[in-house]
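Residue numbers (this note's numbering): 46 to 500. Below: one structure, written as structure tokens.
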């Protein structure tokens, strides 16, 4: 029975003690309803928390009404919070999915402390862990990304990781417990849903037990990861000195790529950025790389990391950050306006060189606004090949003074827009776009960009 599996798993992973107070994240779906019923059956002291993200219209109302009725029937204290999720996503330039995650976990922790509870229980099960394994594998990850979902992360515990989705559905059917269904889980718009609805069924044609096989592999990797992380920590202490990360020591380590990943990934650098950093280790000095909170300079003998101040620096060479929606002043009286819009059929951006509309989902935030540099290149909109910015400006008949005052907007190491000119083709809006980043420029740069440079 599911009760024994969950209890054994909770004891093995030391998720909670019999006397602990548990805040159960209750959406109303099958997984969270099963979690609440199982914990109550095991005699746990539970309260429930429900988030209404106002993303699914009447379904959001239905879900809240359902959990209210369920908790009233079971005699469980229920807490409900309402969120303007889309506004949060726009303000922080993140996906709606990520916004909902940030909002709920921040509220859960605040509520846990307020109510004097010991842990927050969420309803991830074994199939969720398998999907996470595949999701991280597809996106690119180190060994720690292949561990699936961890049973405990701080005060957040996941007692259902010992059971599968089919186990949960059979359990609810056996006790006659109703639940609600989120219809967005039946759509393959998001990558996780594509893995669940399309990839895993295909893999099961090759191996009907593939979910168990992946879960077992992830469990074995967790033991390996303990050794790996110990070695990585020791190696990090050897390659770092008072200046920064010694390139010679890094390259002399047994696994320099893996070590670089473990140092840069926690700072927000992407796998592609890590590869670019590694590729330049024995090359020319002066290359800069940016993550949301850090900047990395490849110097002659070291990699120099510096925390970036919120809002970005002000110098034209180092650049200033564009972390999200807002207006940003730069240069001699110029202003960049940045806004985020949902991709809707009615959205019709005004055309012109002083406006750039890009796929926000393809961008690495925050963006960076800086003067162009020698060697900068991009893929001009409508083209496939890369072109040096210097050649592009020469073709556009820019004077030396105009070239000196030309700025670019960067996403990581990629230029996405020559301000007042052309955007990069790789970041164009396409059929898969969900959010649009719209940038417009006002001031002298916008005026000079139109002077005698018609296509």
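Every residue gets a Cβ at the ideal spot worked out from N, C-alpha and C, and that includes glycine.
- Message: For residue 424 and residue 430, I'd like the C-alpha separation in whole angstroms.
- Response: Numbered from its first residue, the chain shown carries residue 424 at position 379. Numbered from its first residue, the chain shown carries residue 430 at position 385. For residue 424 and residue 430, the distance between alpha carbons rounds to 6 Å.
- Task: Name the one or two DSSP bridge partners that residue 61 has.
- Result: For the purposes of this step, residue 61 is taken as the residue at position 16 of the chain shown. Beta-bridge pairing links residue 61 to no other residue.
- Query: Taking C-alpha atoms, which residue in 439, 471, 63, 487 lies nearest to residue 164?
  - Reply: Locating residue 164 in the chain shown gives position 119, counting from the first residue. Here the closest residue by C-alpha is 63.
- Only counting runs of 3 or more residues, tell me where the beta strand (DSSP E) segments fall wholly within the stretch 129-170, in order along the chain. Correct list: 164-166.
- Query: Terminal residues of the continuous beta strand (DSSP E) containing residue 95?
  - Reply: Taking the chain shown and counting its residues from 1, the one referred to as residue 95 is at position 50. Run containing residue 95: 90-97, per the beta strand (DSSP E) assignment.
- Query: Hey, residue 237 and residue 176 are a contact pair by Cβ (cut 8 Å); roughly how many whole angstroms apart?
  - Reply: Position 192 of the chain shown, counted from the start, is the residue given in the question as residue 237. Position 131 of the chain shown, counted from the start, is the residue given in the question as residue 176. Rounded, the Cβ-Cβ distance is 6 Å, consistent with contact.
- If residue 119 sits next to residue 191, beta carbons under 8 Å apart, how far is it from one beta carbon to the other, in whole angstroms? What you label residue 119 is simply residue 74 of the chain shown in a count that begins at 1. What you label residue 191 is simply residue 146 of the chain shown in a count that begins at 1. With 8 Å as the limit, residue 119 and residue 191 do not qualify as a contact, their Cβ atoms being about 38 Å apart.
- Task: Just mark residue 366 as buried or exposed, buried being the case when its beta carbon has 16 or more other beta carbons within 10 Å.
- Result: Within the chain shown, the letter at position 321 stands for residue 366. Classification of residue 366: buried, given that the 10 Å Cβ count is 16 or more.
- Message: If the criterion is Cβ atoms closer than 9 Å, does the pair residue 160 and residue 92 meet it?
- Response: Walking along the chain shown from the start, residue 160 turns up at place 115. Walking along the chain shown from the start, residue 92 turns up at place 47. In this structure, residue 92 lies closer than 9 Å to residue 160 by Cβ.
- Task: State the beta-bridge partners of residue 66 as determined by DSSP.
- Result: Reading the chain shown from its first residue, position 21 is the one you call residue 66. DSSP output for residue 66 lists 90 as bridge partner(s).
- Task: Measure the alpha-carbon distance for residue 435 versus residue 421 and round it to whole angstroms.
- Result: Within the chain shown, numbered from 1, the residue matching residue 435 stands at position 390. Within the chain shown, numbered from 1, the residue matching residue 421 stands at position 376. Near 8 Å, if we compare the C-alpha coordinates of residue 421 and residue 435.
- Delimiting residues of the beta strand (DSSP E) encompassing residue 116: In the chain shown, counting from the first residue as 1, residue 116 sits at position 71. Counting along the chain, residue 116 falls outside any beta strand (DSSP E), though it belongs to the alpha helix (DSSP H) covering 103-119.
- Query: Which residues mark the beginning and the end of the beta strand (DSSP E) in which residue 459 is found?
  - Reply: Here residue 459 corresponds to residue number 414 of the chain shown, with the count starting at 1. From DSSP, the beta strand (DSSP E) with residue 459 extends over 459-463.
- Query: Can the beta-carbon of residue 401 be found less than 9 Å from the beta-carbon of residue 462?
  - Reply: Position 356 of the chain shown holds residue 401. Position 417 of the chain shown holds residue 462. Closer than 9 Å, so yes.
- Message: Taking the alpha helix (DSSP H) that residue 186 belongs to, which residues open and close that run?
- Response: Here residue 186 is taken as the residue at index 141 of the chain shown, counted from 1. Premise fails: residue 186 is in no alpha helix (DSSP H) and is neither H nor E.
- Task: Count the other C-beta atoms from every protein chain shown that fall within 10 angstroms of the C-beta of residue 460, then say buried if there are 16 or more, exposed otherwise.
- Result: Locating residue 460 in the chain shown gives position 415, where the first residue counts as 1. Burial call: buried.
- Query: Are the Cβ atoms of residue 333 and residue 304 separated by less than 9 Å?
  - Reply: If you number the chain shown from 1, residue 333 lands on position 288. If you number the chain shown from 1, residue 304 lands on position 259. Going by C-beta atoms, residue 333 is not nearer than 9 Å to residue 304.
- Message: Could you give the first and the last residue of the continuous beta strand (DSSP E) run that contains residue 239?
- Response: As a position in the chain shown, residue 239 is number 194, starting the count at 1. From DSSP, residue 239 is part of no beta strand (DSSP E) but of the alpha helix (DSSP H) over 236-239.
- Query: Could you give the distance in angstroms between the alpha-carbon of residue 452 and the alpha-carbon of residue 398?
  - Reply: Within the chain shown, residue 452 is the residue found at index 407, counting from 1. Within the chain shown, residue 398 is the residue found at index 353, counting from 1. Looking at the two C-alpha atoms, the distance is approximately 13 Å.
- Query: Based on Cα-Cα distance, which residue from 178, 320, 140 lies nearest to residue 257?
  - Reply: Translated into positions along the chain shown, residue 257 becomes position 212. For the residues 178, 320, 140, the minimum Cα distance to residue 257 belongs to 178.
- From this set, 306, 441, 187, 349, which residue's C-alpha is nearest residue 466's C-alpha? If you number the chain shown from 1, residue 466 lands on position 421. Closest option to residue 466, Cα to Cα, is 441.
- Whose C-beta lies closer than 8 Å to the C-beta of residue 169 among residues of the same chain, with five residues either side of it excluded? In the chain shown, the residue the question calls residue 169 occupies position 124. Closer than 8 Å at Cβ, skipping near neighbours: 76, 194, 203, 205, 206.
- Message: Helix, strand or coil for residue 443? Go by DSSP, reduced to three states.
- Response: The residue you call residue 443 lines up with position 398 of the chain shown. Collapsing the DSSP output to three states places residue 443 in coil.
- Item | Separation of residue 275 from residue 296, as counted between CA atoms | On the chain shown, residue 296 is found 251 positions in, with the first residue counted as 1. On the chain shown, residue 275 is found 230 positions in, with the first residue counted as 1. Near 19 Å, if we compare the C-alpha coordinates of residue 275 and residue 296.
- Message: Could you tell me the alpha carbon to alpha carbon distance between residue 340 and residue 255, rounded to whole angstroms?
- Response: To locate residue 340, count along the chain shown from 1; it is residue 295. To locate residue 255, count along the chain shown from 1; it is residue 210. For residue 340 and residue 255, the distance between alpha carbons rounds to 41 Å.
- Query: Of the residues 212, 323, 318, which one's Cα is nearest the Cα of residue 300?
  - Reply: For the purposes of this step, residue 300 is taken as residue 255 along the chain shown, with counting starting at 1. Here the closest residue by C-alpha is 323.
- Scan the stretch 195-232 and note each continuous alpha helix (DSSP H) run of 4 residues or more that stays entirely inside, going in chain order. Listed in chain order, they are 210-220.
- Query: For residue 361, does the three-state DSSP call read helix, strand or coil?
  - Reply: As a first step, residue 361 must be located in the chain shown, where it is residue number 316. Residue confidence is low: residue 361 scores 46 on pLDDT, short of 50, so the model does not pin down where it sits. No coordinate-derived value is stated.
- Query: My guess is that residue 458 and residue 318 are in contact by the Cβ rule of under 8 Å, so how many angstroms apart are they, rounded?
  - Reply: Mapped onto the chain shown, residue 458 falls at position 413. Mapped onto the chain shown, residue 318 falls at position 273. About 7 Å separates the two Cβ atoms, so the contact holds.
- Item | Test item: CB-CB of residue 102 and residue 226 under 9 Å | Position 57 of the chain shown holds residue 102. Position 181 of the chain shown holds residue 226. For residue 102 and residue 226, no; Cβs fall outside 9 Å.
- Message: Let me check one thing: in DSSP terms, what residues is residue 409 bridge-paired to?
- Response: Taking the chain shown and counting its residues from 1, the one referred to as residue 409 is at position 364. The partner list for residue 409 (beta bridge, DSSP) is empty, contrary to what the question assumes.
- Task: Figure out for me which residue from 150, 263, 289 has the closest Cα to the Cα of residue 343.
- Result: Position 298 of the chain shown holds residue 343. In this structure, 289 is the residue among 150, 263, 289 with its C-alpha nearest to the C-alpha of residue 343.
- Would you give the residue range spanned by the beta strand (DSSP E) that residue 404 belongs to? Against the chain shown, residue 404 aligns to sequence position 359. 400-404 is the span of the beta strand (DSSP E), which, as asked, contains residue 404.
- What's the call for residue 302, buried or exposed, on a 16-neighbour Cβ count within 10 Å? Here residue 302 is taken as the residue at index 257 of the chain shown, counted from 1. So residue 302 counts as exposed.
- Query: According to the Cβ coordinates, are residue 456 and residue 472 closer than 9 Å?
  - Reply: As a working note, residue 456 is residue 411 in the chain shown. As a working note, residue 472 is residue 427 in the chain shown. Yes, they are a contact pair.
- Task: Kindly indicate which residue of 271, 298, 413, 148 has the alpha-carbon position closest to the one of residue 283.
- Result: Your numbering for residue 283 matches position 238 in the chain shown. When only C-alpha atoms are compared, the closest one is 298.
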